[in-house]
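K.L.:
Sharing a structure, written as structure tokens. Questions coming.
Numbering (this note's numbering), first residue to last: 1285 to 1875.
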């Protein structure tokens, strides 16, 4: 492990010489110390299954006290968590990352993070502690993949003036599930009991004599490697715009903006009276004193705080996030002040890189909505939604969208990471799942969704000139494209699960209309997308110097074009298929 320093110097043709500040980065581990184990609490029998079949467990609190006998020169923490959580040294967080290691299919890939923690350690007594929630590990319900129990692996390398100390996760750590977070489920929310708070539990002098010895749990089978993209952080904060009391004593808060993240509140509560905080994107159109939650389906989107005494408290959930604009708070008598309610906007670290403004307010609002929609769905992977009972990496939602998203935010690192998730779903035949990581039990085989694999790789090449990404992922792309070619039926792609998904309807009841006059042929959609993928694959092959591959994709494309027009084109009308807007637009755009 090394610390690498770098600097950029630029000489302009004007004679000016520009020099950047000196920056640095830490190299990763070749592998964890053999003594470092995956630890946690083996209490699968304590999993709570709700009436809605949701799975829940209390958070795991893990700690280790240790002594340093000499002055610390440098200290580096390598840490991986199956489940979302945070880590502290001597009472201070090791980073601003809110959920720790990003989620993956843990049977294929397991990431670890590297943190410089030199400033947090001192000569004498020290302690490290981690709180670990369920994240995507436990599986929200039986319809989701479960990877077992949350667990932690870490190695703290401390270089002193006299020696090097390795603190690893092993039986010397302590664990408890009796802390304040007694429930956490990403869909449903967090349950916090203030009477269980353990003041100073991440400091050296804390008494952990009642805690249990940490247990070694089964190691995931995925390959351990450095996390390739930055984690999630609180990147914006919004103050509530209004607070009003309903006739039955609840409080409705308007944040003024549909946002994704956590709510930080300062409220006056009563001992053992639950304060219930519910989230929703809109109010019920028929009753503005009620939240509209039908679109959330089974997700409860509710955080509950149980005060340990009468008086004022501050609370912010730690192991979940919600998508919302409106909040309902019950269980308190005194109206909260707007200044005491803060929306903490959470998404993957990335810079804004595009702005838009014009003299048309409608266009400005469309741009603003697009921006908030993009960052609201960046949580370790581009997701389909941030609020209801999914929050999954559906590929189709971002296949063409990744290019537009990149105009507004620097999403290259996130998509590089997500492509690894995509290829982790690839089976021996070459097919990839419609959701990545593979948290759904279902896989699907819709080419319009699978096209993300090619589109995102092409985006990284076109927008970042990232040849390394192309070289890394091209073999997987080849395998997938060969799978599609082998499964053509009479020259076209017939596999299609979702069709023209959620086509904008004339009326709400037509969203899932099966009217053949309105429904675009799924084979046309899949074949058109495959045609566009062949175009991109030819260009990627050319960039890699694979002329033979480039010619292969060109020949496949010409054959597909002939079959496509034979199946779908009507020369007498000059239209495609049943003359829907989608059928004609796709044919014009890609042909």
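Beta carbons are placed, not taken as given, at the ideal position from N, Cα and C, and that holds for glycine.
Decide yes or no for the touch test of the stretch 1398-1411 against the stretch 1719-1728: beta carbon pairs closer than 8 angstroms, at least 3 of them.
P.N.:
Judged by Cβ distances under 8 angstroms, the stretch 1398-1411 makes no contact with the stretch 1719-1728, as fewer than three pairs qualify.
K.L.:
Return yes when the Cβ of residue 1848 is within less than 8 angstroms of the Cβ of residue 1816, no when it is not.
P.N.:
One-based indexing of the chain shown puts residue 1816 at position 532. One-based indexing of the chain shown puts residue 1848 at position 564. The Cβ-Cβ distance between residue 1816 and residue 1848 does not fall below 8 angstroms.
K.L.:
Have a look at residue 1288 and residue 1306 and give me their C-alpha separation to the nearest angstrom.
P.N.:
Translated into the one-based positions of the chain shown, residue 1288 becomes position 4. Translated into the one-based positions of the chain shown, residue 1306 becomes position 22. Looking at the two C-alpha atoms, the distance is approximately 10 angstroms.
K.L.:
How about residue 1399 and residue 1378: are their beta carbons less than 8 angstroms apart?
P.N.:
On the chain shown, residue 1399 is found 115 positions in, with the first residue counted as 1. On the chain shown, residue 1378 is found 94 positions in, with the first residue counted as 1. In this structure, residue 1378 lies closer than 8 angstroms to residue 1399 by Cβ.
K.L.:
Which residues in the same chain as residue 1583 place their Cβ atom closer than 8 angstroms to its Cβ, once the five residues preceding and following it in sequence are excluded?
P.N.:
By 1-based counting over the chain shown, the position of residue 1583 is 299. Here the set comprises 1471, 1472, 1671, 1672 and 1673.
K.L.:
Could you pull out every residue in the same chain whose Cβ sits closer than 8 angstroms to the Cβ of residue 1668, ignoring the five residues on either side in sequence?
P.N.:
Here residue 1668 is taken as the residue at index 384 of the chain shown, counted from 1. Around residue 1668: 1661, 1674, 1675, 1676, 1677, 1678 and 1681.
K.L.:
Using 8 angstroms as the threshold, is the stretch 1574-1593 in touch with the stretch 1448-1457, meaning 3 or more CB pairs across them?
P.N.:
no
K.L.:
Could you spell out where the alpha helix (DSSP H) holding residue 1674 opens and where it closes?
P.N.:
By one-based count along the chain shown, residue 1674 stands at place 390. That residue, residue 1674, is in no alpha helix (DSSP H); it is neither H nor E in DSSP.
K.L.:
Residue 1841: which of 1818, 1415 and 1732 sits nearest, CA to CA?
P.N.:
Against the chain shown, residue 1841 aligns to sequence position 557. Considering only alpha carbons, the answer is 1818.
K.L.:
In chain order, which beta strand (DSSP E) runs of at least 3 residues are fully inside the stretch 1632-1686?
P.N.:
none
K.L.:
Under the DSSP definition of a beta bridge, which residues are partnered with residue 1438?
P.N.:
Taking the chain shown and counting its residues from 1, one reaches residue 1438 at position 154. Bridge partners of residue 1438: 1363.
K.L.:
By Cβ distance below 7 angstroms, which residues in the same chain neighbour residue 1699 in space, the five residues on each side in sequence not counted?
P.N.:
As a working note, residue 1699 is residue 415 in the chain shown. Excluding residues within five positions, the ones whose Cβ falls inside 7 angstroms are 1686, 1740, 1743 and 1744.
K.L.:
Answer yes or no: do residue 1463 and residue 1345 have a C-beta to C-beta separation smaller than 8 angstroms?
P.N.:
Here residue 1463 refers to the residue found at position 179 of the chain shown. Here residue 1345 refers to the residue found at position 61 of the chain shown. A contact, by the Cβ cut-off of 8 angstroms.
K.L.:
Beta-carbon within less than 6 angstroms of residue 1479's beta-carbon, same chain only, minus the 5 sequence neighbours each way: which residues are those?
P.N.:
Position 195 of the chain shown holds residue 1479. Excluding sequence neighbours, residue 1479 sits near 1592.
K.L.:
For residue 1228, tell me which candidate among 1521, 1321 and 1500 has the shortest Cα-Cα distance.
P.N.:
Absent from the model: residue 1228. The displayed extent of the chain is 1285 to 1875, so no value can be given.
K.L.:
Determine the burial state of residue 1863: buried for a count of at least 16 other Cβ atoms within 10 Å of its Cβ, exposed for fewer.
P.N.:
Along the chain shown, read from residue 1 onward, the residue named residue 1863 stands at position 579. Burial call: exposed.
K.L.:
Does the stretch 1606-1620 come close enough to the stretch 1527-1539 that 3 or more CB-CB pairs lie under 8 angstroms?
P.N.:
Yes, the stretch 1527-1539 is in contact with the stretch 1606-1620.
K.L.:
I'd like to check one pair, residue 1654 with residue 1608: are the Cβ atoms closer than 8 angstroms?
P.N.:
Stepping through the chain shown from its first residue, residue 1608 is reached at position 324. Stepping through the chain shown from its first residue, residue 1654 is reached at position 370. No.
K.L.:
Could you give the residue range of the alpha helix (DSSP H) that holds residue 1741?
P.N.:
Taking the first residue of the chain shown as 1, we reach residue 1741 at position 457. Looking at the DSSP string, the run of the alpha helix (DSSP H) that includes residue 1741 is 1736-1748.
K.L.:
Kindly indicate which residue of 1711, 1438, 1784 and 1570 has the alpha-carbon position closest to the one of residue 1509.
P.N.:
Residue 1509 sits at position 225 when you count from the first residue of the chain shown. For the residues 1711, 1438, 1784 and 1570, the minimum Cα distance to residue 1509 belongs to 1438.
K.L.:
Which residue spans inside the stretch 1792-1864 form an unbroken beta strand (DSSP E) run of at least 3?
P.N.:
Listed in chain order, there is nothing to give.
K.L.:
Could you name the residues that DSSP lists as bridge partners for residue 1474?
P.N.:
Your numbering for residue 1474 matches position 190 in the chain shown. Residue 1474 is bridged to 1468.
K.L.:
Check whether the Cβ of residue 1306 lies closer than 8 angstroms to any Cβ atom in chain D.
P.N.:
Annotation note: the requested chain D is absent from the structure, which comprises a single protein chain.
K.L.:
Classify residue 1335: buried if its beta carbon has 16 or more other beta carbons within 10 angstroms, exposed otherwise.
P.N.:
For the purposes of this step, residue 1335 is identified with residue 51 of the chain shown, where counting begins at 1. Per the 10 Å Cβ criterion, exposed.
K.L.:
Going by DSSP, what residues sit across from residue 1770 in a beta bridge?
P.N.:
Position 486 of the chain shown, counting from 1, holds the residue named residue 1770. Beta-bridge pairing links residue 1770 to no other residue.
K.L.:
Which residues mark the beginning and the end of the alpha helix (DSSP H) in which residue 1491 is found?
P.N.:
Against the chain shown, residue 1491 aligns to sequence position 207. Here residue 1491 belongs to no alpha helix (DSSP H), and DSSP marks it neither H nor E.
K.L.:
For residue 1715, collect the residues of the same chain with a Cβ closer than 6 angstroms to its Cβ; drop the 5 residues on either side in sequence, then sort them by chain order.
P.N.:
Residue numbering aside, residue 1715 sits at position 431 when the chain shown is read from its first letter. The answer, listed in chain order, is 1729 and 1767.
K.L.:
Compare the C-alpha of residue 1693 against each of 1368, 1651 and 1707 and name the closest.
P.N.:
To locate residue 1693, count along the chain shown from 1; it is residue 409. Among 1368, 1651 and 1707, the Cα nearest to that of residue 1693 belongs to 1651.
K.L.:
Between the beta-carbon of residue 1547 and the beta-carbon of residue 1343, is there less than 8 angstroms?
P.N.:
By 1-based counting over the chain shown, the position of residue 1547 is 263. By 1-based counting over the chain shown, the position of residue 1343 is 59. No. Outside cutoff.
K.L.:
Give me the Cα-Cα distance between residue 1861 and residue 1855, rounded to the nearest whole angstrom.
P.N.:
Here residue 1861 is taken as the residue at index 577 of the chain shown, counted from 1. Here residue 1855 is taken as the residue at index 571 of the chain shown, counted from 1. Their Cα atoms are separated by approximately 11 angstroms.
K.L.:
DSSP state of residue 1866, grouped into three classes?
P.N.:
To locate residue 1866, count along the chain shown from 1; it is residue 582. Collapsing the DSSP output to three states places residue 1866 in a helix.
K.L.:
Mind reading off the beta-carbon distance from residue 1778 to residue 1867? Whole number of angstroms is fine, and I expect it under 8 angstroms.
P.N.:
By one-based count along the chain shown, residue 1778 stands at place 494. By one-based count along the chain shown, residue 1867 stands at place 583. Their Cβ separation, rounded to whole angstroms, is 16 angstroms, which puts residue 1778 and residue 1867 out of contact at 8 angstroms.
K.L.:
Report yes if the C-beta distance between residue 1389 and residue 1712 is below 8 angstroms; otherwise report no.
P.N.:
Numbered from its first residue, the chain shown carries residue 1389 at position 105. Numbered from its first residue, the chain shown carries residue 1712 at position 428. It is not a contact, given that the beta carbons lie outside the stated cut-off.
K.L.:
Do the stretch 1499-1507 and the stretch 1424-1437 make contact, defined as three or more Cβ pairs closer than 8 angstroms?
P.N.:
yes
K.L.:
Please state the DSSP three-state secondary structure of residue 1393.
P.N.:
In the chain shown, counting from the first residue as 1, residue 1393 sits at position 109. Strand.
K.L.:
Short of 6 angstroms in beta carbon distance, which residues of its chain neighbour residue 1709, apart from the five on each side in sequence? Order them along the chain.
P.N.:
Translated into the one-based positions of the chain shown, residue 1709 becomes position 425. So the list reads 1716, 1717, 1720 and 1722, once near-sequence residues are dropped.
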